[in-house]
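> Residue numbers (the working numbering): -7 to 146.
(1) Ends of the beta strand (DSSP E) at residue 113?
(2) Do the segment 119 to 128 and the segment 78 to 95 meet, that is, are 3 or more Cβ pairs less than 8 Å apart?
(3) With a 10 Å radius around its C-beta and 16 neighbouring C-beta atoms as the bar for buried, classify residue 73 as buried or exposed.
(4) Rounded to whole angstroms, what's the CA-CA distance from residue 66 to residue 54? Just pull it up for me.
(5) What residue from 118, 114 and 110 has the CA that sits closest to residue 42's CA?
(6) Does the beta-carbon distance from residue 59 to residue 71 come in below 9 Å?
(7) When you compare the CB positions of residue 57 and residue 95, do they come within less than 9 Å of one another, or not?
(8) Helix, strand or coil for residue 72? Go by DSSP, reduced to three states.
Encoded structure:
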């Protein structure tokens, strides 16, 4: 990133003293601009979703392929918390027992290696620059881990 252009844009005189003063003004002006942009980008950084594991789900027969507890990621909406986006991750289904055993050692068959937080982009982001329509909505992301298959027509 260029912080300051050392060009005629920063200078209006050919005197060395004026050039140095103008250079410092140019640097200050551009540094302020960089700081403002950095502050803006940090303030619009999306909030991660937090993992909620359903420890008692096994009692009801709901487990991942490896027997680990299923779960979901949640972020409370900032502007419109009563509006929801619920996204179920795709993953395909197990075609046979061997496929299910292989899958049980991955994030598509086990919750053991799921991260505590999840950063999402696109229509699941709460960054209003990136996602102006749904940025303030509450969001649930349900990871796939059971090998099941669902289909439907909305």
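Beta carbons are placed, not taken as given, at the ideal position from N, Cα and C, and that holds for glycine.
So, to answer that:
(1) Segment: none, residue 113 is in no beta strand (DSSP E) and carries neither H nor E.
(2) no
(3) exposed
(4) 19 Å
(5) 110
(6) no
(7) Taking a C-beta distance under 9 Å as the contact criterion, residue 57 and residue 95 qualify as a contact pair.
(8) strand
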